[in-house]
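The next block holds one structure in the form of structure tokens; read it before the comments.
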Amino acid sequence: MNSRLNRLAWLALLCSPLACAAPALAASLDVPLLFTDGAVLQRDQPLTVWGWAAPGSMVQVSFDGQSTQATANPKGEWNATLPAHSAGGPYTLTIADGAQKNVARDVMVGDVWLCSGQSNMEFKLSQAQDAKAEIARANDAGIRGFTVPKSWSGEPSDHLAGGSWQHATPQTAGDFSAVCWFFAREIRARTGVPIGMIHSSWGGSRIEAWMDAASTGVSPSVVSAQADGLAAEDRRKTQATWKRLGVWAKAEVPTTDGDGTPSWAAATLDTSDWASMAVPAYWERAGYFGMDGVAWYRTSFTLDAAEAARGVQLGLAKFDDTARAWVNGKRVSAQSDEWNVARVYHVAPALLHAGRNTIALEVTDEGGYGGIYGDADMLYVQAPGGKRHPLAGDWQFRPVPASVTITTLDGKNQLATLLYNKMIHPLIRYPLRGVLWYQGEANAGPGDASRYRDQFATLIKAWRADWRQPQLPFLWVQLANWISGQDTAQSSPWAQLRASQSAALSLPATGQAVTIDIGNPDDIHPVNKQDVGHRLALAAKHVVYGDTLVYAGPRYTAIRIDGARAILSFDTQGSALAARGGPLGGFQVAGADRQFHPAQARIEGTTVVVSSADVTVPIVVRYGWSDNPVHANLINREGLPASPFETRPW
């Protein structure tokens, strides 16, 4: 975590969200961080500029030959509007109050998109498929990103916690949201205008956290009081963590030898002052609240001579976020940032010996939970054809205090309104071209998934009201295929969540990217973000830019019952229905008993005819109704998949 965010974390401990949410009356000129060097302003809309100054002071705003004035009110707030401006740049934005001047240089005018949601929107370009090549060619000063730091507040805040505009270069693009980047790249190619990406997302966040108090039905005073309580709890837990870390505050830190091996990776080491840590477990749940940074783990295993001679398979569960591993002081792994992948290494006989062997791990956590996690059976040592030796249990543990920061963010992304107040509310006067949304995994549980239908529509309407843009384009990614483990024979929360997302297409100026064919069944964070960005861009080209094209897969529109057959109609956008990779599948049908059975399906023109020998009078048809709908292969001529649906909810 950078020093700016660390200071912000400590600020959260020094005052309650209520006290910190509203700054004192401005004594000097201050403007939002969005109006700084490299900014992208929205074309063809009045340019709203605002900020704070001494009450009663006159503020002048100038931009590309146009200027206007505003007077700071008794609270020190001022708001000015310049005429709409066509795409172009670079320009200079000057804001002055007679005593001070704020100058933002290299300002462009183009299209500004807000990218928000949870971890699949937060997912960085550096983690995406073909990341090295994609980053190398991400060199376009006409695409710029602004990342809002993870932050929260008990009351609506006018100030962002941090952030700055970054040109797209191979040095910066790796930290961009991958989905946002691939979308922006395609839209820039389509429009030729500068593209600004404001990225405000938080992994694992529920939709309620992004909604204002009124939209969630929670009293603002309740949200504020809850935030005060959280701040007090954070102070207590943080003090306890620093006290625990104080044991090693002045102790030695690992050094490195000539070949770069850290001293704490040695085969033998005095660990008498190390702590004990249950593995697997996040270290936050073992008394190290909010700790980010580096910590070491050590344990041992015993082999007989035959096992050592054959070499072993070493299972080390999963690391959050990265780790390096040594056996008997010799490196057995390269560092990797694939935090959600189970680690299994082959350890050669040359690194082993009969008797006691030592494992050392250096784990680095960059934010959120940290440590070794996963199922206990992921931790083991096993020679080929031999007995598996479990490694789960108490390991030796020692943080590196010089590397540690403590943040107070855990859990805030689950609570109503806290993220909206600090990560969305400060943005609402900044004109946008549209919103990209990738969220829903955190709400894809029994009960939650059906409630999402109303919540999602409410969020869209509320954000449009906030921005005073009733037709603000809102595009989203429908949840990808993944094995959630929640499916039953008759229900699927993930399918229900997808249907809840699709229901928002009834709102104007909306679009959806269906991704049930490009996810990873074993990874909730699929690396193919190129196709996700492309499908969002297809929707934008139609919904926002008015292009005539096939922008989505077939969409179910109506059902007609003909004896034992159900005949389904689709909006094909002038394309044709097709099946990918074999006979059409993924359909289920139910009669009056509400029991769903696999169905046969065939394409007839722009319709699909569905029937089942187990259902004499069909009433409801479902398609793709599972978390990982492997048999759902209805597409159009362009290869875009049909969205999962049920012809009526039960």
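Taken in order, the sequence shown gives residues -26 to -1, 1 to 624; the numbers are from mature numbering (1 follows the signal peptide of the UniProt record, and there is no 0).
Beta carbons are placed, not taken as given, at the ideal position from N, Cα and C, and that holds for glycine.
Everything numeric in this text was worked out from a predicted model, so none of it was measured.
Item: With a CB to CB cut of under 7 angstroms and the five nearest residues on each side skipped, what residues in its chain are close to R17?; Value: H59, S60, A61, V83, G84, D85 and V167
Item: N76 and L21 - do their beta-carbons sit closer together than 8 angstroms?; Value: no
Item: Roughly how many angstroms separate the alpha carbons of S543 and A532, rounded to a whole number?; Value: 5 angstroms
Item: Can you tell me whether L453 is buried or exposed, with buried defined as 16 or more other CB within 10 angstroms of its CB?; Value: buried
Item: With a 10 Å radius around its C-beta and 16 neighbouring C-beta atoms as the bar for buried, classify E340 as buried or exposed.; Value: exposed
Item: Using only CA atoms, which one of V355, I333, F293 and I161 lies nearest to Y347?; Value: F293
Item: Residues in its own chain within less than 7 angstroms of residue 648 by CB, not counting five upstream and five downstream?; Value: There is simply no residue 648 to check, as the chain begins at -26 and stops at 624 in what is shown.
Item: Tell me whether S465 sits in a helix, a strand or coil according to DSSP, three-state version.; Value: coil
Item: Pick from E226, D349 and A390: whose alpha carbon is nearest that of V196?; Value: A390
Item: For the beta strand (DSSP E) holding V583, just list the boundary residues, first then last.; Value: T581 to S585
Item: Could you pull the start and end residues of the alpha helix (DSSP H) that F97 belongs to?; Value: Premise fails: F97 is in no alpha helix (DSSP H) and is neither H nor E.
Item: Quick one: Cα of P57 to Cα of T190, how far?; Value: 35 angstroms
Item: Using the beta-carbon count (16 or more within 10 Å), is S151 buried or exposed?; Value: buried
Item: Please state the DSSP three-state secondary structure of Q413.; Value: coil
Item: Would T55 and T42 be called neighbours here (beta carbons separated by less than 8 angstroms)?; Value: yes
Item: Specify the secondary structure class of D104 as computed by DSSP and reduced to three states.; Value: coil
Item: Please report the straight-line C-alpha distance between L612 and S549, rounded to a whole angstrom.; Value: According to the sequence provided, residue 612 is Glu. The question's Leu does not apply to it. Answer to the nearest angstrom: the Cα atoms are 8 angstroms apart.
Item: Using 8 angstroms as the Cβ pair cut-off and three pairs as the minimum, do the segment 86 to 101 and the segment 405 to 413 touch?; Value: yes
Item: Can you tell me which of V227, L335 and S458 puts its alpha carbon nearest to the alpha carbon of R317?; Value: L335
Item: Going by DSSP, name the residue or residues bridged to L392.; Value: In the DSSP output, where bridge partners are listed per residue, L392 has none listed.
Item: Might you give, ordered along the chain, the residues of its own chain that have their beta carbon closer than 6 angstroms to the beta carbon of S174, omitting 5 neighbours on each side?; Value: S90, V122 and M397
Item: Using the three-state DSSP reduction, which class does F157 fall into: helix, strand or coil?; Value: helix
Item: Below 8 angstroms CB to CB, which residues in the same chain sit around T215 once its five sequence neighbours on both sides are set aside?; Value: G261, Y262, F263, G264, M265 and I380
Item: Does the separation of the CB atoms of S586 and A566 fall below 8 angstroms?; Value: no
Item: Rounded to a whole number of angstroms, what is the C-alpha to C-alpha distance between S465 and V594?; Value: 14 angstroms
Item: Is A(-3) helix, strand or coil by DSSP?; Value: Because A(-3) carries a pLDDT of 44, less than 50, the predicted location of this residue cannot be relied on, and the following value inherits that uncertainty. Three-state DSSP puts A(-3) in coil, outside helix and strand.
Item: Taking only the alpha-carbon atoms, compute the straight-line gap between I402 and W139 and give it to the nearest angstrom.; Value: 17 angstroms
Item: Mind checking G170: buried by the 16 CB within 10 Å criterion, or exposed?; Value: buried
Item: Leaving out five residues on either side along the sequence, give the residues of the same chain with a beta carbon under 6 angstroms from the beta carbon of V501.; Value: A102 and Q103
Item: Buried or exposed: where does G232 fall if 16 or more other Cβ atoms within 10 Å of its Cβ makes it buried?; Value: exposed
Item: Counting along the chain, where does the beta strand (DSSP E) carrying L608 start and finish?; Value: L608 to N610
Item: For T621, is the classification buried or exposed, using 16 other Cβ atoms within 10 angstroms of its Cβ as the cut-off for buried?; Value: buried
Item: For F544, list the residues DSSP reports as bridge partners.; Value: Y530
Item: Is it true that the CB of P400 sits closer than 8 angstroms to the CB of S131?; Value: yes
Item: How is the beta strand (DSSP E) around V378 delimited, first residue to last?; Value: Unbroken run through V378: none, as it is neither H nor E.
Item: How should F120 be labelled, buried or exposed, when 16 other C-beta atoms within 10 angstroms of its C-beta is the threshold for buried?; Value: buried
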